[in-house]
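Please read the structure below before turning to the comments.
There are 2 protein chains.
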Amino acid sequence: MGRGKIVIKKIDNMTSRQVTFSKRRTGLFKKAKELAILCDAEIGLIIFSDTGRLYEFSSSNMKSLIEKYSKAKEENHLIVFAASDVKKEAASLRQQFHNLQQNHRKMMGEELSGLSVADLQNLQNQLESSLRGVIMRKTSAALKDGSKLCL
Amino acid sequence: MGRGKIVIKKIDNMTSRQVTFSKRRTGLFKKAKELAILCDAEIGLIIFSDTGRLYEFSSSNMKSLIEKYSKAKEENHLIVFAASDVKKEAASLRQQFHNLQQNHRKMMGEELSGLSVADLQNLQNQLESSLRGVIMRKTSAALKDGSKLCL
DNA sequence: CCGACTATCTATAAGGG
DNA sequence: TCCCTTATAGATAGTCG
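Structure follows, in structure tokens:
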């Protein structure tokens, strides 16, 4: 479609390549839109130029279209998803981990500044209770070992 | 381009809509391929027909293209990613959290079964050390409070 | 580098088997 | 329903300003 026929191979001349890119890209987008309207299709079109610039068209919403695509391809092992869910989970895990770590540090006797006397008393009680449990356990375990060893 | 001009609106007749869909889809894919080759562009095209069937074309690899697209759109608040990375992070966090939780439980005097006498002794030492720290801290804090209250 | 022009090529609407 | 044909609308390569 033009003054002369062309063969489909990469256009060497950069200037005319860019001109052609601009013209044909416009045409492609137009055709995509027409097809979407005429045939009630859902279409997503993503183009990166050779210079890395992004052009896109979506008859609806690119994000939801990509999600739909991912789901449709799931059985074909495509591992693309809306990260929002996983990201939320990761953020929540990070938070939980942080909280537990803070707590754990206190039980290790670290970072006690900022605790009230009441907090410290609670912590002491907990540690004493744990200690009692551990000593009891140790004693019974040692007895068992001892009985084995002494027989 | 055909025997008659058409207006761009949804084709009512289902049969001719499907015929047009088939023809124009083929044409669109052809144009997309040509553009990719002629201008060295990276192109991804996703089409869902009105019946929900998926058609796709990618000049390279759809997955990597979608990832690239996601990254390019990051600043524009698009929340689509290859989940693999985030998933890995989440899995790692889950593991770390689990380990810390186990450790923490032992310091709470829970789930002590399975620990050797030596393990229990170490735990006891740690708890005693923590306890000393906490008591020391509590005493000095109580003194400070006390001095405030008693003045 | 961009837009306009237009001759020419391509896609396709309508029709037929 | 699908494939083929063909007249015609539409896209665009080369050119000019």
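Taken in sequence, the protein lines are chains G and W. Adding 1124 to a residue's 1-based position in the first sequence gives its number in the working numbering. Adding 1124 to a residue's 1-based position in the second sequence gives its number in the working numbering. C-beta: ideal position from N, C-alpha, C; glycine also. None of the values given here were measured: they were computed from a predicted structure.
query: Just how far apart, CA to CA, sit Ala1265(G) and Arg1229(W)?
result: Cα to Cα, the separation comes out at about 19 angstroms.
field: Endpoints, the alpha helix (DSSP H) within which Gly1151(G) is located
entry: Met1138 to Cys1163
query: Based on the DSSP output, what are the partners of Gly1168(W) in its beta bridges?
result: Ile1170(G) and Ser1182(W)
Chain-ordered residues of the segment 1213-1226 of chain W with a beta carbon less than 8 angstroms from chain G: Glu1213, Ala1214, Leu1217, Arg1218, Gln1220, Phe1221, Leu1224 and Gln1225
message: Could you compute how far the alpha carbon of Leu1189(W) sits from the alpha carbon of Asn1185(G)?
response: 17 angstroms
query: Within the 9 angstroms Cβ cut-off, does Arg1127(W) reach chain G?
result: Chain G, which has no Cβ nearer than 9 angstroms to the Cβ of Arg1127(W), makes this no.
- request: With distances taken Cα to Cα, identify the nearest neighbour of Glu1198(G) among Ser1183(W), Leu1178(W) and Ser1216(W).
  value: Leu1178(W)
message: Can you give me the C-alpha to C-alpha distance between Gln1142(G) and Ile1171(G), rounded to a whole angstrom?
response: 14 angstroms
- prompt: Gly1126(G): which of Cys1163(G), Thr1144(G), Leu1267(G) and Met1138(G) sits nearest, CA to CA?
  reply: Thr1144(G)
Rounded C-alpha distance that separates Asn1246(W) from Ala1214(W): 31 angstroms
- prompt: To which residues of the same chain is Val1131(W) closer than 6 angstroms at the C-beta, ignoring the five residues directly before and after it?
  reply: none
message: Check whether chain W comes within 9 angstroms of Glu1198(G), counting only Cβ atoms and requiring the distance to be less than that.
response: no
message: So, with DSSP's three-state summary, where would you put Val1131(G)?
response: coil
- request: Taking only runs that begin and end inside the segment 1192-1262 of chain W, name each unbroken beta strand (DSSP E) of 3 or more residues, in chain order.
  value: Correct list: 1204-1206.
CB contact check: Thr1139(W) to chain G, cutoff 9 angstroms: no
message: Once the 5 residues before and after Glu1235(G) are set aside, which same chain residues still bring their CB inside 6 angstroms of it?
response: Arg1229
- request: Return the CA-CA distance between Leu1244(W) and Asn1227(G), expressed in angstroms with no decimal places.
  value: 21 angstroms
query: If the cut is a Cβ gap below 9 angstroms, which residues of chain G does Phe1145(W) touch?
result: Leu1159, Leu1162, Cys1163, Asp1164 and Ala1165
Burial state of Arg1256(G) (16 or more Cβ within 10 Å): So Arg1256(G) counts as exposed.
Whole-angstrom C-beta distance between Ser1182(G) and Ile1161(G), which should lie under 8 angstroms: Wrong, their Cβ atoms sit about 13 angstroms apart, outside the cutoff.
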